[in-house]
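**Q** So that we are looking at the same thing, I have put the structure below in structure tokens.
2 protein chains.
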Amino acid sequence: MDLTALKTDLDGLDIDDRPSVLRAKSRDFYWYSPILKRQLDGITADLVISPRDEAEVIRVLSACYRHRVPVTVRGAGTGNYGQAMPLQGGVVLHMQHMAGVIALGDDHVVVRSGTVIDHIEQHLRRNGREIRLFPSTTATATIGGFIAGGSSGVGAIRWGGLRNPANIRRLRLVTMEETPRVLDLTGHDIHKAAHAYGVNGVMTEVELPVDPAGDWVDVMITAPDFIAANQLAIELGEALLLRMLSTFAAPVPELYFQRYRRHAGTGRAVLALMVARDALPALEARVTAWPGAAITYRADRADPAERLPALYEMAWNHTTLRAIRIDPGVTYLQMMFPRDRMAETIAALELRFGNELMLHCEYTRFNGVVSPVAMPLVRFTTENRLEELIQLLEAEFPITVFNPHRVTLEEGGMKRTDLSQLDFKRQTDPLGLMNPGKMIAWTTPDWTPETGKNFLFTE
Amino acid sequence: MDLTALKTDLDGLDIDDRPSVLRAKSRDFYWYSPILKRQLDGITADLVISPRDEAEVIRVLSACYRHRVPVTVRGAGTGNYGQAMPLQGGVVLHMQHMAGVIALGDDHVVVRSGTVIDHIEQHLRRNGREIRLFPSTTATATIGGFIAGGSSGVGAIRWGGLRNPANIRRLRLVTMEETPRVLDLTGHDIHKAAHAYGVNGVMTEVELPVDPAGDWVDVMITAPDFIAANQLAIELGEALLLRMLSTFAAPVPELYFQRYRRHAGTGRAVLALMVARDALPALEARVTAWPGAAITYRADRADPAERLPALYEMAWNHTTLRAIRIDPGVTYLQMMFPRDRMAETIAALELRFGNELMLHCEYTRFNGVVSPVAMPLVRFTTENRLEELIQLLEAEFPITVFNPHRVTLEEGGMKRTDLSQLDFKRQTDPLGLMNPGKMIAWTTPDWTPETGKNFLFTE
Ligand SMILES: Cc1cc2nc3c(=O)[nH]c(=O)nc-3n(C[C@H](O)[C@H](O)[C@H](O)COP(=O)(O)OP(=O)(O)OC[C@H]3O[C@@H](n4cnc5c(N)ncnc54)[C@H](O)[C@@H]3O)c2cc1C
Ligand SMILES: Cc1cc2nc3c(=O)[nH]c(=O)nc-3n(C[C@H](O)[C@H](O)[C@H](O)COP(=O)(O)OP(=O)(O)OC[C@H]3O[C@@H](n4cnc5c(N)ncnc54)[C@H](O)[C@@H]3O)c2cc1C
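Order-wise, the sequence lines are chains H and F. For the first sequence, this note's numbering begins at 860 and goes up steadily by one. For the second sequence, this note's numbering begins at 860 and goes up steadily by one.
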């Protein structure tokens, strides 16, 4: 890794090596996990390079290839599992300058990958359109980071998550080779680079479907308990046009949603929705008919002086953030359980784990069906107990855990190596210089998942 | 401490003893400090009681007196030093229900102590008035918590901090005695209960001066270095009508002010201001005349689609929050240095501590003079180093540190026992049941400050 030679080769680029910049641009929201916080605290890049256009991306990648310098791409650094952290140092490629809308059609938009997602949405709204899917971090996160590192978010109840092939049209990717190539991925090829943590190239451009702008209203509903809340959620999700549908067990909202607290009641489960304005009367009728449920907040009738944040900033992974801000002893999990055994699973979890697990679900459309994804808060005690908890959840319940306390693709969201991604990496990054350490299969092809065993730091 | 009897006595009140509620309502932003985070993590109250009016406060205090149960008052729990954490358990008295404006005059407002500060400001604005002083947490913090636990904030550049006798008109206080008394404190007596962490009674009502509503515009300015930024700040602070005046050394804004980053430049020091709209032309002229300075953001000319948070949410103790969110290895200090030796002190600090200390100042009016208060970010390594750093700052520089890593009144903001507060406590809380552990003089009258020595946990 000859950094001096690299710098000489890259003369004229925006290169930063101030120690505090290196440190800040080498971290993301890894500290959500007490385990990753301990493991990754010392990670620092050697250089932060912010390319101004695709030609500069190509220059950086070919120079880094020549000098064998690892490259980790960074959008806004809001990822949660050290996704954007340069485990082996080298260059952090910061996409901050590569922002802006390139073209807007009736049903699609082309943007540079470093564009902040909310800027895309605002641009679309001025043109009567809206984005299909965005993470709750939309105010700061980039579209490239969302596609490479995210999974789902607001809009999923209507369109499903990022893995739904309908939600991304095209990715433009620069490869990490002696002479980098520029590939335009469409159709099934998109998933070679989507949710790949940038291990097989740098996205420079993204084409997304867009839809006519909806008129969405934030609504909060309370229900007597979490099972009822989820039953009501499924009914509403199937009947009404929604952009977001989230459920929270008591006492999550009353404890952690400071500014919405007075709408959350005491000891009540809560639903948070973004509803089409036209559907409000139907929503009202259904909630009124539901025993014990009540609408406690409607943005269209709210006192503007309350100046509440958007409701999606309570949901998705913002729930965890809200909780940690109030109690740093909280962390979280991500898991799936079958919708048809939802009630019994919730009851069994509450019985088994009590307050150690505080449930929270986000609803998505999975093959057309309204389905819950659980993102429970966990009262952290020790790392061993957290590992044990994950083991118990998978062994004793019909649950799959996507472990957010791991830094690799396989141990986190995927649960297995995506062979097409691995194969693609062989072609696009033959020296394994892109975000090294994040794809187990690259270094240890015969690895198999074993709960409780942490790949990166035990092998 | 007979809690069963206490509960019986207080039948009909809003009492909560769900474990997760007890835990959440027993913490504040103590975790800003790695030292307090370690020390206070286990603290939990036995009951959370939320009185609905002053009569219920009196009932709680007399019952707790009878049963010898400690009482710690809680506003919104945004204090930073474990101020609102019940070190000896007992009751957390949560002021959430005691909110609302009671009376509004031309030049004053009377509010219940649990009112969220921004709600007061919004109410005032609808009536052509504004509040004099608010913390950057105004969206969630209560006026009672601000007066009992806070010190200064937005407005200080015009009106000085909370200790300025002109900024509070009257406090209404319930005492902790066999038969609680209700006292209305005015004039000098106010400071017996202001910034006393609630150790000598429960504030139920507050009367504050109000002023005609100003028309304030957020402005960001960059300057070549931190010394220049502060020289410019003093010039502007003396010449123009401002509501806020803050300065940040590079690379604080570019690293931590995510959504303002593009206005913060690279390697530039930054000033953040709230300026009277009428003063904008004068501001522009002065900044243009200043070598190397530039206005990079004006809210009145901003693209509304950017939807930036209020600039004060980058300043005061929000600066620390922004930094910790990006790098949990950051903590902070609070200190004063003489304005007339500012340039040499800044230069010496940068030379001596480099990136370990990242400077940030807030400007206040101190006896009429525009004066800096430093709230530097600190790159935390070990507790010993943090203690040593404080010692070095006080020994080798013309600096006084107000240690935010201590839980007591004396070791934090005051540096000494306020004898009038102590004397007042003898009258209002003879058994020492109010927020016990926060006033050293109560338990250890002959204590003297000794940097590096932590009272609570070493004696
Ligand atoms: C409070 C909070 C809430 C969140 N809510 C959601 C949510 O609702 N839904 C969700 O899916 N996620 C969520 N996340 C996770 C994260 O915010 C999203 O994944 C976000 O979209 C990441 O964008 P970013 O620009 O910050 O990416 P980064 O964190 O900068 O990067 C993420 C990954 O993508 C790679 N990458 C970035 N840009 C490129 C590029 N141009 N080419 C190739 N690789 C690239 C990085 O190397 C890294 O591996 C949340 C996180 C937080 C802290
Ligand atoms: C991000 C951030 C930014 C901040 N910015 C500022 C700032 O700009 N200026 C500033 O001064 N502080 C600031 N603080 C500290 C804190 O927000 C303020 O002091 C705030 O006003 C506290 O209000 P609260 O309602 O949250 O009080 P709490 O934290 O609930 O209580 C604070 C103290 O007051 C006591 N108390 C509360 N209510 C009463 C009552 N009715 N009677 C008697 N005692 C009572 C409590 O026992 C406790 O000791 C900041 C903190 C954070 C986390």
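Ideal Cβ positions, reconstructed from N, Cα and C, are used throughout, including at glycine. A quick note: this is a predicted structure, and the numbers were derived from the prediction, not measured.
(1) What distance in whole Å lies between the Cβ atoms of V1229/F and T1178/F, which are believed to be in contact at a cut-off of 8 Å?
(2) Is there a Cβ from chain H that is less than 8 Å from the Cβ of I1185/F?
(3) If distances are taken between C-alpha atoms only, which option among E1269/F, F1212/F, I1185/F, Y1222/F comes closest to E1255/F?
(4) If we ignore side chains and look at the alpha-carbon of each, how far apart do L1315/F and G1003/F end up?
(5) Quick one: residues in its chain with C-beta nearer than 6 Å to the C-beta of T997/H, no 5 flanking neighbours on either side, listed in chain order?
(6) Nearest CA to the CA of P1295/F: which residue from G1019/F, L1101/F, G941/F?
(7) Do the segment 1155 to 1171 of chain H and the segment 1053 to 1070 of chain H meet, that is, are 3 or more Cβ pairs less than 8 Å apart?
(8) Just to confirm, does N1176/F get its C-beta within under 7 Å of one of the non-hydrogen atoms of ligand 2?
(9) Considering just the uninterrupted stretch of the alpha helix (DSSP H) at V975/H, what are its terminal residues?
(10) With a threshold of 8 Å, are at least 3 pairs of Cβ atoms found where one atom belongs to the segment 1270 to 1289 of chain H and the other to the segment 1242 to 1255 of chain H?
(11) With a floor of 3 residues, list each beta strand (DSSP E) that falls wholly inside the segment 1220 to 1294 of chain F, ordered by position along the chain.
(12) Cβ of V970/H versus every heavy atom of ligand 1: is any distance shorter than 7 Å?
(13) Answer with yes or no whether the minimum CB distance from W890/F to chain H is below 8 Å.
(14) What's the gap between the Cα of D1074/H and the Cα of R1136/H?
(15) Under 8 Å, Cβ to Cβ, is there at least one residue of chain F near A1131/H?
(16) Taking the alpha carbon of L952/F as the reference point, which residue from V932/F, D1084/F, L862/F has its own alpha carbon closest?
(17) Counting only beta-carbon atoms, is L879/F nearer than 8 Å to chain H?
(18) I want to verify the contact list: residues of chain F whose CB lies under 7 Å from the CB of R1118/H, in sequence order.
(19) Give the straight-line distance between the Cα atoms of W1175/F and A1109/F, rounded to the nearest whole angstrom.
(20) Could you give the C-beta distance for L920/F and L862/F, rounded to a whole number, given that I count them as a contact under 8 Å?
(21) Return the CA-CA distance between E1143/H and D870/F, expressed in angstroms with no decimal places.
(22) Hey, does R886/F have any beta-carbon neighbour from chain H nearer than 8 Å?
(23) In whole angstroms, what separates the C-alpha of L1101/H from that of G1020/H?
(24) With C-beta atoms as the reference, is H967/F less than 8 Å away from L1067/F?
(25) With V1076/H and D965/H assumed to form a contact (beta carbons below 8 Å), what rounded beta-carbon distance in angstroms separates them?
(26) Does any heavy atom of ligand 2 sit closer than 7 Å to the C-beta of Q942/F?
(27) In its own chain, which residues sit with a C-beta less than 7 Å from the C-beta of T999/H, not counting the 5 before and 5 after it?
(28) Determine, for K866/F, whether the minimum Cβ-Cβ distance to residues of chain H falls below 8 Å.
(29) Take the Cβ of N939/H as the centre, count every other Cβ of all protein chains shown within 10 Å, and call the residue buried at 16 or more, exposed below.
(30) So, for T1045/H: in the same chain, excluding its five sequence neighbours on each side, which residues have a beta-carbon less than 6 Å away from its beta-carbon?
(31) Would you mind telling me which residues of chain H sit closer than 7 Å to N1396/F, beta carbon to beta carbon, in chain order?
(32) Since L1180/H and L1130/H are thought to touch, with beta carbons under 8 Å apart, how far apart are those beta carbons, to the nearest angstrom?
(33) Where does E1203/F sit, in a helix, a strand or coil, going by DSSP?
(34) Looking at the C-beta of R882/H, does it have a partner C-beta in chain F at a distance below 8 Å?
(35) How about V928/H and V950/H: do their beta carbons lie closer than 8 Å?
(36) Leaving out the 5 sequence neighbours to the left and right, which residues in its chain are closer than 7 Å to S909/H when beta-carbon positions are compared?
**A** Looking at the coordinates:
(1) 19 Å between Cβ atoms; not a contact.
(2) yes
(3) F1212/F
(4) Any reading at L1315/F must be qualified, since the residue scores a pLDDT of 48, below 50, and its modelled position is unreliable; the value itself is stated next. Between L1315/F and G1003/F, the C-alpha separation is close to 25 Å.
(5) I976, D977
(6) G941/F
(7) no
(8) yes
(9) It is not in any alpha helix (DSSP H) - V975/H carries neither H nor E in the DSSP assignment.
(10) no
(11) 1228 to 1233, 1236 to 1238, 1259 to 1261
(12) no
(13) yes
(14) 6 Å
(15) no
(16) V932/F
(17) Per the sequence shown, the amino acid found at residue 879/F is Ser instead of Leu. So yes, S879/F belongs to the interface.
(18) A998, T999
(19) 16 Å
(20) Wrong, their Cβ atoms sit about 16 Å apart, outside the cutoff.
(21) 36 Å
(22) yes
(23) 15 Å
(24) yes
(25) Their Cβ separation, rounded to whole angstroms, is 26 Å, which puts V1076/H and D965/H out of contact at 8 Å.
(26) yes
(27) A935, T937, V975
(28) no
(29) buried
(30) R1029
(31) Outside the shown range of chain F, which is 860 to 1318, sits residue 1396/F, and nothing can be said about it.
(32) At roughly 20 Å, the Cβ-Cβ gap does not stay under 8 Å, so L1180/H and L1130/H are not in contact.
(33) helix
(34) yes
(35) yes
(36) D873, H953, Q955, H956
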